Every structure is written in structure tokens, then in C-alpha cells.
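Q: Protein chains in written order, with the numbering used here: chain A, 1 to 1255; chain B, 1 to 88. Built from N, CA and C at the ideal position, the CB exists for glycine as well. Here the structure is a predicted model, which means the values were calculated and not measured.
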């Protein structure tokens, strides 16, 4: 029996938009075939290498790693023997290929397409058994040599990294081997029957690289066999080893259609034979027997040749097989970690820093802190991680020195060391946080410190890190963007040649689901059923799109991961350039950990930017410095501290007025905080932990609230667990509590407990834990009943809890944002509006600000800034600043919380950046040129584009300057109107267009009293721009002060409706009036209840509500239904509606498709101040309004009173059932489909606006 | 000089390879397979679920003493053979 065939040329799905099978699938197929060696040679990178090696190690197969790279061919195909390879001496740097540049003939060089018959040449480079480091370096060099995303190599570049030639044949043990297949320069020369040229090229390869091998491929394509036979002949005549591969691209023959689509998608062309790589479907992972047939065919039945060919293939495979443990650093014992260089011994260094920290934080006398510290340091030092902590502390110090807000997040907050050396600001001892959740003895894997920085300045942080450590020691982590429904439909549609706008409409009709849910969703989701896309003859598109599901599409920068290593980093991971030119590892976050590389997550958090901006506005407007991260300090008039027990802040939170705050602004959270009534930081921590899919699904909320409210006795499985569960009244909320339960019951340490906890995730794991837990607990002296009770708690909640350190880290910015909202309302909203950290669109935030008493001021070219700015109305109100002090500390009388007062005295100014389509440079100029004296002055000096300045006029940016007062009568002769100004803009534009001046426009003062018209006075407002152009005089006028005289009042003023329409279209915000106010008459006629009156409704009442839809969510819900949560805004506050599946049949498309909504629902009172509505039916308010205007109120009543026809079926799809009985709709937790935009006209809804596009 | 035909023929195979065929009422024995390749159809143009592949065989075969070269085509979707060309 012949030994199994080793495949040495295999592309997986990580050859982006080329391969179709994942490494694990390929490996398991190879294992089924009984193969013992399998290579992975993806195109352009080692993206799948770690996964391949892992899969091989698990399957007991020896991995081979290689890469398939494009050759940067010399200019024109040189005549035989002409292309003399320059000496392959040590080249200068990896980033350049000077040798090639020299070879490149000055002649014409036509770029070759990347695929198809004329595609670029490609070679496969395999790493020898110990050649991993060289392969990484070569891939990095190839990426830095080519354009971004299109790496290229030359013979010389490969030679540079190929290693020594001490051993003949396949080169050095730690070197590289080049496979020259039919797609290589040699192979193409052979195919073109240019034998001499092929010999010359092969000679050059052999001179340059020690390990050169000819690769024969026969995929049964036309002339494949002929070329292979001739290449074999060439190899034999020049005594070069020849091997057989199948250039594998598919797992099964049937995958070739997917491959074709990918070929087309990669090149952005429709499917056509001339764009395709393949001619047959034979590029699949063939078994040994099939490969023997290929070998026989290539050798034309010559038995001896065939044996030799297969033997050489085998020898090469064995020479390249690597030990998986060389790459999988984490599987070694101890793990072969890649640690940053500190310069000196990191152990005493960390100890010193920690000691300093103890004093600085005032913990030097705390025995508890000492004890905890000893434990932590012991683990850190045993794991040899001291250097990592020093490096991270260095980075966070650096970030703070740059004046960037920086907070720790995640489990790292549980470590006292992190607190002491200043990485985080959360004291774990205060909150009972444990380090074991972060770093423990038994935990395999690396600690992961996450820090949040201001999102707007994240890249600055990256830049600083790269500057400090040097690019060779640091790299960003990457991540794979994979095909999902929308992207798959786009690419398949393009390949099938559908028109782009149709593709766009089809793709957008789908929510953000997985590609393989496409067909099912057409059946299951009411809004898609209604679109009738399923009957549009797109079956083949959908079927192919489903098959792209999950395939990597392109590589992107991971949002936060930064690798911190030493000079050898690039021996361990290949690095390429990201879009922003940061060096980026080709490994994703899992690969990185597996490779033993340490990373720091630097996450950009918009809320941190918003907080920073709010602080700067407070400083600018009120001259007060708010020390957001300090609770107490020396008393100074211009400094405020932020104690964590400010009851005014908690009053606001309890009233559920948390819109805009971090973490607690969603409808669900507003409902929860109203019920939970947080009064201290710990309550916020619990609140954040409870608001997770797990706790919500297993209904931990109700028992907690009942026990907290004292309506139910806290339940402790055993008296000794009281300590662990007391803080949450007997309900398991935190991971830390799970650890404590396990530790108390079994008597083992927390590291062991953490190991068990991690196993609780799966049913099998729970069974395993049970088998370990029960005997240990019994041996520890607990009786059977207690053990059983404790186990039941673990079984039910063990896998759900939330890491308390995480929640504590989140609770801090949550509280800080709430504090700022309460005490510096306007500045807080300025920050929120500028950095948009939350889930709501700006107009909702604006409305909330308005309800808090903050005035919203319109755009004004002399007062608006780059971003939202606070303006003070009148002098500062001293009382507002320190209310708790006035009450005299402890004996504070609880006042009724009045939301309308907290922002009084301040206003927010609409900024230039809110204008639709404005460029950054325009904003800069407009701000720099302030103040302006007239429209013409503004036009001259700020030089806005014409659409921009027209928009500014339309939303009233010049009202103040020119004293305009829109609203009221439309015709006001002699008085300037906004429309007059727009006409002036046209005149100014024409004046500059006729070449009146070159360079900066000279000032041409506009006189508001000039009159004498040359224009007719009746002009439809909307066509005004066009007619202004028509009416333009022949453009040969001389530059007078003003070539066109436009009398004021010539054109009608905008009505209030038109103003709001313009504001919505241009700013996305209704500044002057709330949109809903236009519908008040209709709403009153129908008896619609307003948000502020909801609290007065009795539970179970059936009422009508209306508003602008501001948010739609379909989160994960316990029952396994898809539930739509929608928030309406009716200018008096938010209204939260819940659509259950039973009503979605008739409501879904209206909910997703309309902007103004009227809904009928049942009031549900969920707490003293919490009300939500269960929706029964809904309508597009714009449609009803049109009906009302045309047919009167009775017609509207008839529509809404009509008994809802039985729904056309609810939401389908089998819920995903989790082991613990937790069911989840397959369509939950998705961003909704096509978002409805404000209509262009407030009064007339277009008939098609109420649903997704029908094909 | 080759001629194009395109006649439907009957073919006997062993292990997927043609061994003999009948063309115009004469039996041809396949002496040697000269070449064998596969051409996938442009599946995106064909109607439905047609994985249609065409296998081509260039063989030396003899209907008696004289040996000629023939090109046979096998249509996987239709399961039919054609004699495409002959060099005789």
C-alpha cells in the first residue's frame, strides 16, 4: 500500500475571495482520507495558518505552512536568457526590492490582470520544518514591497529570506522552498512552448534560491496534462526535483460555482470565462487514489517516473512538516510567551512600582491590600508577566500624559496591581472584585488588559505607542470581515450581472442576518414576505449568496487590539499595512493568543470623548474645572469634584431620565433603573450586570428586585454562602459570586474555582463540573441537601453571571455621565451631540435637552462653532452648582425631581458641522473668519460652496445677521426674506463665476436697501434655484458693486412648515419646532395620549400614542420570539412600544418603514415611574394625515377602528435553543433593515414609503 | 487533417475511460488515451441546477488495422457521448 499522498498546495477560505473551504474542514477531510501531512498555502498571507496548525495538531496530522504569492514580473517578457538575474546578495531592507527595479526594462509594461488566463505569475513558497520565522518575514516583506493589499515578491526578495544552502535539495532546515507550478513564470513559459526561456528562468531561480522545486498540476483542464508532462521533462533534464500537487481550492467538486462567483467578485466583473481562474471543477481536495490517477496521467503511465514523482512529493512534505508546538506557543508547558523588552529585570521594577502605588493610593497600612498584593504578585511572577504590566502601565501613563481620558475596562479592573500602578482607577477592594477572573493559576491563556480611551483620539494613542516602541515591536491585531447576507447578495448580484441599483435595493431589504439565513428569512420575516422578494426570480442569487456564508471577505483593523512584543515580533507573526498605514498582524485575536503574543486592547469609546468635550465646554463657559475622576479634594471655587454618592444624580437616574447616559439609556435600561432605583455605585454595578441577555433570559431580575424591595426573603443555599451572596440578596449576579460559591463549597482556591466556572458554559461542561463539585463539597463537610441546593444555583446561573469587575469598570463612566447630565446639562449634551456615543439620533438628544430646560439655538454664522457649543443665558446661577451643600449634608430633604430645571440658563448652539454635506475645510474657514458683517462678507471670506451656503440660509444661519423673522405672513414687501438671500447667493455665485476676480474674492458689500428688480415677482419657491439661473443675464457684465439688484421682499418668506422641513433635511434635527407639533390637531381629534401623561394611565388601558420613531431594536429575549422594541418621541418624552410576534404580521413593515407613527397599545405599568406599551396595531402617521386632509376625521377613525385583519402569519424560524432552555429567535439582536428617513415633505407621504422595496 | 463530426455514439468504458465505441456501424477499439480534459459549462447561463461538465477524450483507436485519432466528448449532465473529430 502506497503511503498517503500529501497535498502541498492548498488554499483555504483565508485566501480571500478565492478559497471556499475552512482549514478545519480541509484538515478533517484529509484525516478521513488517512493523510498524515497537509499543507496550507493561502494566497498573500498566513491568515489561516494558526487555525490550520491547530486543526492539524488536534487531528494528529503534521502541518506544512506556505504562502502563495504574486510575482512582480520584470517589464516585458525578456528574450531567452536575457533576464540576467542580478547578484542575489544581501538586499538592503525588507521593504524595498531595489534589484527588481533595476531589472525592470524601461519599456512598456502592461499590467496583467490578477486572474484569468493572462493573470499575474504566482509561486508557492513553503516553509521548511523550522522555517516559520523566515516565512513570516517573507510575507511581511512582500506586503511592504507591493501596494497595500496586493503583496508582490521577486526572486531576489524570496532569495533574501530563503535561508542558506548548506544542504542540497530542499535548502536549509530553517529555510524556504519555492514551488514553481504552472502559474509561475517557468510554468507559463513551458505552456507557451518557449522551452529555452523556461530553462533560463529555472536556472535563475536555482541560482537565487537553494530550495527550488517544480510543481506539476493537472486539473483535467485543456492542455493541463501537456504542460505538466513538459514541465516534468524540464525538471528531469535540469535535475530539479518535481512534485505533484492539485492546487486545491475547493473541498468538494460542487464548490466550483462558489469559486467562480468569488473570482468575479474579486475583480468586480460579471461572470465570464475570460475572468475565471478555473476551467474545471477538479481543484478539490482529492484522495490518495485520485491523486495516483493524476500522477499516472502526468507520467503517461511510466511506472518508474510515477514512483519517483510521488516519492519526491513525499520527501518534500516530510522535509516541510513542522512541529505544531513550534507555532502554538500556548500549548507548550510552560507557554513560550513573547514578552516585551523592558531593559532591566522587570520583577523588582514592578515590585517597586506597586510599592509606590500603595503609598500614593493611601493603602500602605492596609493589611488586606498587602495580602492581596502578595497573592497577585506571586501569580504574575510565576507566569513571568511582570514585564507586560510594566509595559501596559507605561502606555496608559503616556496616554494620560497626552491629556486623553483613559479608563480600564473588563476583568483587568479586578486586579489590585492594575489599580496600584495606575492602569485603572477602580479599586478592586472597594467592590470585592477578584483577580482570578482576570489572571489565575490554572487559566490557560493570557491576561487581557483593556483600556477605553476617547474615540476621537484613539489613533493618536496608537501613533504614540508605535513611536515609543518602534514599528518592529508593535502591531495591531486584525480581524476578518466575513460574508453576511447583504454583502453576499451584493457580490453575487454583481457577478450575475444585476443592475447596481437593484442589487442595492435587494441587499438593503434584508436585516443584518447571516447569509445562510437568506432563504429562511424570506419565509419567516413578515416585512420580507410582504416585499415579495422571494418570488422575484432571484432564487439562484439567493442560493449562491447563502453558500458564501461566513467566508472571509477582507481583512480589517481590529477595533482595539495592539500587540506588544520585542524585536522578534515579526518572526512570530506576519505583518501587513492597514488602511491607515498601521502595521497590522495577519492574525486575529484568537490566533494572537495562541501564538503567545501579548496584547493590550485600546478601545475607542465615544462616551469618553463626549465626557472630555463636556469638561472642556464647562471650563470654557463657566470657568470651572471638573475633576471627573476625583471624589474629594481641596475646596476651591473653580474646581468641582465628583463624589460617588451625589443624591441629585441618583434622583435623576431613578426618574429614568437617563437618555444620553452611558449604558443606561436604552428603553430596557430606563425601565430597569426605574424599578431598581439605584442609590449608590453598587446598585449601578448590579443594574449593569442584570441588563444582559443571560440574566434577563433566566429572569434573575424579578427575584433580585423582590428581595431588594423586601417582598421576598433572600434565599441562601447554605448559611456559609451568605457572605458571597449577601450583596445581591441571594441572587447570583456576578461571576465573582460563582467563584466564591465554588471556593466555599469545595474548599479549593479561587484559581480552581475559576477553572470550573469556565467549564460551566456547555451542558457537557456542567456535567463535568458536577462530577468534580459534588464529591469535593461533600468531602468538605456539607450535607447532601446543601450540596444539591448549591449545585442547583450553579447549574442555573453559573454560566450567566456577569464579571463584576467589568460592570464596576462600566459603572464609573455611567455615573460620571449621569453626574454631568444632572449638574452640567448643556455641556453634557454638547458632548453627546458632538461625539454621538449612544443609540439615539441627534434629534432625540436635542429633544431631551429641551425637556431638561436647555434652549436650542439655531445656526448662526457668527455664533456657531465647529461643534455643538454651550451658550450661557445670563449670569451663572450659583445655586445650581452645589445643591447638596446647601441642604446641609446629611439632613437633606428629598425634593421632587424636576427635569425641566436642571438645564435652565443654558443653551446649545447648532454647529456648522451639522450641516448636511459640509466639508471639514469649509467648517474651518467659516469658524476662522468670524465675525461676518453680511452675506457677501461670509461668501467672500469663508468661501463656502454654493449648496452649503444655500443650506445655511435655509436653516436660518443668517437670520440674526440680517434680522429675518420667518414664520407668519409669507409675503412681506420691503422686508428681506430667506429666499431673497438665496437669490443673492445665486447672484454672488454668478458674479464670481464670470471671472470678476482671480484668487480670493474681493469683498462686495451687499446693501440691503438696493432695489430695482429685473425679475418677475411670481416664482414658485421650489424652482427658484433653477429659474434664477434661467433669469441670469448674459454673463459679460463688468464688476460693479453688485451686478444684479434684488429688492428685499421680492420672494416669499418660508413658512414654519418649510422651516422645519429644511431643518430636518439639512440638519436632521427639528430646531425651531418639534415635527409632531404639526400633527397636533389630528392627534387631539383622535384622543392620542402624550408621553408625559402616560404615567396617569391605568394599567391595562388601551390607548393611542404617536410620535417620531427614534429607535428600533430586536434584542435577544427569553421566550425565543423576535420582539421589536420601538421608541417614539412625541416632544414630551419617549414612549416605548413592544411589538410581539403576534402583531408583527401586520405591523413589521410599518414599524421598520415609517418615520412618523401612530400606534394603539395597552399600558403596562412596570414600576412607580415606569410605563411601557404593548403594541396592538400601528399606522404610518403621514398616511393618516394625508387621509385626514383629503377625507376628514371620520375616514381616519374608520381606518384605525377597523378590526385588525388576522395577521398574515407571524415571525417564523425555529428559535435557537440553548442547553439551559434559553431560546433565542434566529432574528434577534440585529440592526433593523432599511432605516426610515424623515420624509422630504412633511405633508405628503409618497405611496411607496411604507415598506421595503419590492423587486 | 481532422474533420468535425458531432455524431452521437455508443461507448463502452472501464474505470471511466473509454475502451471501445461504435461509430457509423463500425466498432473501434481504443488503443491508447492521448489526452483527457474537462471543460465546465458556463453554468450561470444554463437553466437550473446543471452542474454540466464536458469530458473530452482524445484517443487512438482502430476499427481494424489502420489506427486513427478520435476526439470523444462525454456530457455528464446528459449522459451522452459524441464523436467530435477524427484524424484519419
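Who are the Cβ neighbours of residue 17 (chain A) in its own chain at under 7 Å, not counting the five residues just before and after it?
A: Taking the first chain and counting its residues from 1, the one referred to as residue 17 (chain A) is at position 17. Result list for residue 17 (chain A): 262, 265, 266 and 553, in chain order.
Q: Buried or exposed, going by whether 16 or more other CB atoms sit within 10 Å of the CB of residue 971 (chain A)?
A: By 1-based counting over the first chain, the position of residue 971 (chain A) is 971. Under this definition residue 971 (chain A) is an exposed residue.
Q: When you compare the CB of residue 222 (chain A) with every CB in chain B, is at least one pair closer than 8 Å?
A: Counting from 1 along the first chain, the entry for residue 222 (chain A) is found at position 222. Closer than 8 Å to some Cβ of chain B, the Cβ of residue 222 (chain A) qualifies, so yes.
Q: Rounded to whole angstroms, what's the CA-CA distance from residue 66 (chain B) to residue 28 (chain B)? Just pull it up for me.
A: Counted from its first residue, the second chain places residue 66 (chain B) at position 66. Counted from its first residue, the second chain places residue 28 (chain B) at position 28. For residue 66 (chain B) and residue 28 (chain B), the distance between alpha carbons rounds to 11 Å.
Q: Going along the chain, which residues of its own chain have a beta-carbon closer than 6 Å to the beta-carbon of residue 455 (chain A), five neighbours each way excluded?
A: Here residue 455 (chain A) refers to the residue found at position 455 when the first chain is read from its first residue. Taken in chain order, the residues that qualify are 604, 605, 606 and 609.
Q: Residues of chain A with CB closer than 7 Å to the CB of residue 25 (chain B), please, in chain order.
A: Within the second chain, numbered from 1, the residue matching residue 25 (chain B) stands at position 25. Those within 7 Å of residue 25 (chain B) in chain A number zero; the least Cβ separation is about 31 Å.
Q: So, with DSSP's three-state summary, where would you put residue 88 (chain B)?
A: Locating residue 88 (chain B) in the second chain gives position 88, counting from the first residue. Reduced to three states, the DSSP call for residue 88 (chain B) is coil.
Q: According to DSSP, is residue 625 (chain A) helix, strand or coil?
A: Reading the first chain from its first residue, position 625 is the one you call residue 625 (chain A). Note: residue 625 (chain A) maps to strand in three-state DSSP.
Q: For chain A, find out if any of its Cβ atoms is closer than 8 Å to the Cβ of residue 43 (chain B); answer yes or no.
A: Here the question's residue 43 (chain B) lines up with position 43 in the second chain. Yes, because at least one Cβ of chain A sits closer than 8 Å to the Cβ of residue 43 (chain B).
Q: Which bits of chain B does residue 140 (chain A) rub up against, with CB to CB less than 9 Å?
A: Here residue 140 (chain A) refers to the residue found at position 140 when the first chain is read from its first residue. Those do not exist, as residue 140 (chain A) stays about 37 Å from chain B at its closest Cβ, beyond 9 Å.
Q: Identify which residue in A:194, A:936 and A:780 has its Cα closest to the Cα of residue 744 (chain A).
A: Here residue 744 (chain A) refers to the residue found at position 744 of the first chain. Residue A:780 is the option with its Cα nearest to residue 744 (chain A).
Q: Given residue 746 (chain A), which residues of its chain have a CB within under 7 Å of its CB, disregarding the five upstream and five downstream residues?
A: Within the first chain, the letter at position 746 stands for residue 746 (chain A). Taken in chain order, the residues that qualify are 773, 776, 777 and 780.
Q: How many angstroms separate the CA atom of residue 69 (chain A) from the CA atom of residue 665 (chain A)?
A: In the first chain, the residue the question calls residue 69 (chain A) occupies position 69. In the first chain, the residue the question calls residue 665 (chain A) occupies position 665. Their Cα atoms are separated by approximately 50 Å.
Q: Could you check which residue in A:941, A:933, A:942 and A:561 has the C-alpha nearest to that of residue 962 (chain A)?
A: By one-based count along the first chain, residue 962 (chain A) stands at place 962. Answer by Cα proximity: A:933.
Q: When Cβ atoms are compared, which residues of the stretch 470-496 of chain A fall closer than 9 Å to chain B?
A: Under the 9 Å Cβ criterion, the stretch 470-496 of chain A contributes 495 and 496.
Q: Just the C-alpha distance for residue 271 (chain A) and residue 497 (chain A), rounded to the nearest angstrom, thanks.
A: Position 271 of the first chain, counting from 1, holds the residue named residue 271 (chain A). Position 497 of the first chain, counting from 1, holds the residue named residue 497 (chain A). Rounded to the nearest angstrom, the two C-alpha atoms are 8 Å apart.
Q: Please identify, using Cβ separations under 8 Å, the residues of the stretch 10-41 of chain B that lie next to chain A, in order along the chain.
A: The residues in question are 35, 36, 37, 38, 39 and 40.
Q: Return the chain-ordered ranges of every beta strand (DSSP E) run that is complete within the stretch 35-70 of chain B and spans a minimum of 3 residues.
A: DSSP runs (the beta strand (DSSP E)) wholly in the stretch 35-70 of chain B: 53-62.
Q: How is the alpha helix (DSSP H) around residue 390 (chain A) delimited, first residue to last?
A: Here residue 390 (chain A) is taken as the residue at index 390 of the first chain, counted from 1. 386-401 is the span of the alpha helix (DSSP H), which, as asked, contains residue 390 (chain A).
Q: Taking the alpha-carbon positions, what's the residue 652 (chain A) to residue 1112 (chain A) distance?
A: As a first step, residue 652 (chain A) must be located in the first chain, where it is residue number 652. As a first step, residue 1112 (chain A) must be located in the first chain, where it is residue number 1112. The straight-line gap from Cα to Cα measures roughly 24 Å.
Q: Going along the chain, which residues of its own chain have a beta-carbon closer than 6 Å to the beta-carbon of residue 51 (chain A), five neighbours each way excluded?
A: Residue numbering aside, residue 51 (chain A) sits at position 51 when the first chain is read from its first letter. Closer than 6 Å at Cβ, skipping near neighbours: 23.
Q: Relative to the alpha-carbon of residue 254 (chain A), which residue among A:21, A:1161, A:299 and A:1185 has its alpha-carbon at the smallest distance?
A: For the purposes of this step, residue 254 (chain A) is identified with residue 254 of the first chain, where counting begins at 1. Comparing Cα-Cα distances from residue 254 (chain A) to each of A:21, A:1161, A:299 and A:1185, the minimum goes to A:21.
Q: Please name the residue in A:251, A:1130 and A:578 whose C-alpha comes closest to that of residue 148 (chain A).
A: Along the first chain, one-based indexing puts residue 148 (chain A) at 148. Of A:251, A:1130 and A:578, the residue nearest in Cα terms is A:578.
Q: Counting only runs of 3+ residues fully inside the stretch 452-503 of chain A, write out the beta strand (DSSP E) ranges in chain order.
A: Entirely contained in the stretch 452-503 of chain A, the beta strand (DSSP E) runs reaching 3 residues are, in chain order, 474-482.
Q: On the criterion of 16 or more Cβ atoms from any shown chain inside 10 Å, does residue 185 (chain A) qualify as buried, or is it exposed?
A: The count along the first chain starts at 1 and reaches residue 185 (chain A) at position 185. So residue 185 (chain A) counts as buried.
Q: Rounded to whole angstroms, what is the Cα-Cα separation between residue 89 (chain B) and residue 177 (chain A)?
A: Because chain B is modelled from 1 through 88, residue 89 (chain B) falls outside the range shown and cannot be assessed.
Q: Compare the beta carbon distance of residue 600 (chain A) and residue 380 (chain A) with 8 Å and say whether it is the shorter of the two.
A: Reading the first chain from its first residue, position 600 is the one you call residue 600 (chain A). Reading the first chain from its first residue, position 380 is the one you call residue 380 (chain A). Contact: no.
Q: By the criterion of Cβ-Cβ separation under 9 Å, what are the contact partners of residue 60 (chain B) in chain A?
A: Position 60 of the second chain, counting from 1, holds the residue named residue 60 (chain B). Within chain A, no residue comes near residue 60 (chain B); the closest Cβ sits about 13 Å away, beyond 9 Å.
Q: Would you say residue 53 (chain B) faces chain A, with C-beta separation under 8 Å as the test?
A: Start at 1 with the first residue of the second chain, and residue 53 (chain B) comes out as number 53. Yes - at least one Cβ of chain A is within 8 Å of the one on residue 53 (chain B).
Q: Is the beta carbon of residue 390 (chain A) less than 8 Å from the beta carbon of residue 346 (chain A)?
A: Counting from one through the first chain, the residue named residue 390 (chain A) turns up at place 390. Counting from one through the first chain, the residue named residue 346 (chain A) turns up at place 346. For residue 390 (chain A) and residue 346 (chain A), yes; Cβs fall inside 8 Å.
Q: Anyone know if the C-beta pair for residue 1124 (chain A) and residue 1173 (chain A) falls short of 8 Å?
A: In the first chain, residue 1124 (chain A) corresponds to position 1124, counting from 1. In the first chain, residue 1173 (chain A) corresponds to position 1173, counting from 1. Contact flag unset, no.
Q: Is there a Cβ of chain B sitting closer than 8 Å to that of residue 20 (chain A), yes or no?
A: If you number the first chain from 1, residue 20 (chain A) lands on position 20. Chain B contact via Cβ: absent.
Q: Tell me whether residue 87 (chain B) is buried or exposed, calling it buried when 16 or more other Cβ atoms sit within 10 Å of its Cβ.
A: Mapped onto the second chain, residue 87 (chain B) falls at position 87. Counting Cβ neighbours within 10 Å, residue 87 (chain B) comes out exposed, since fewer than 16 surround it.
Q: Over what stretch of residues does the alpha helix (DSSP H) that includes residue 303 (chain A) continue unbroken?
A: The sequence position of residue 303 (chain A) within the first chain is 303, counting from 1. Looking at the DSSP string, the run of the alpha helix (DSSP H) that includes residue 303 (chain A) is 303-320.
Q: Let me confirm a value: residue 892 (chain A) is counted as buried when at least 16 other C-beta atoms fall within 10 Å, else exposed. Which label applies?
A: In the first chain, the residue the question calls residue 892 (chain A) occupies position 892. Only weak support is given to the placement of residue 892 (chain A): the predicted model assigns it a pLDDT of 46, under 50, and the question is left unresolved by the model.
Q: Assuming residue 599 (chain A) is part of the alpha helix (DSSP H), what are its boundary residues?
A: The residue you call residue 599 (chain A) lines up with position 599 of the first chain. From DSSP, residue 599 (chain A) is part of no alpha helix (DSSP H) but of the beta strand (DSSP E) over 599-605.
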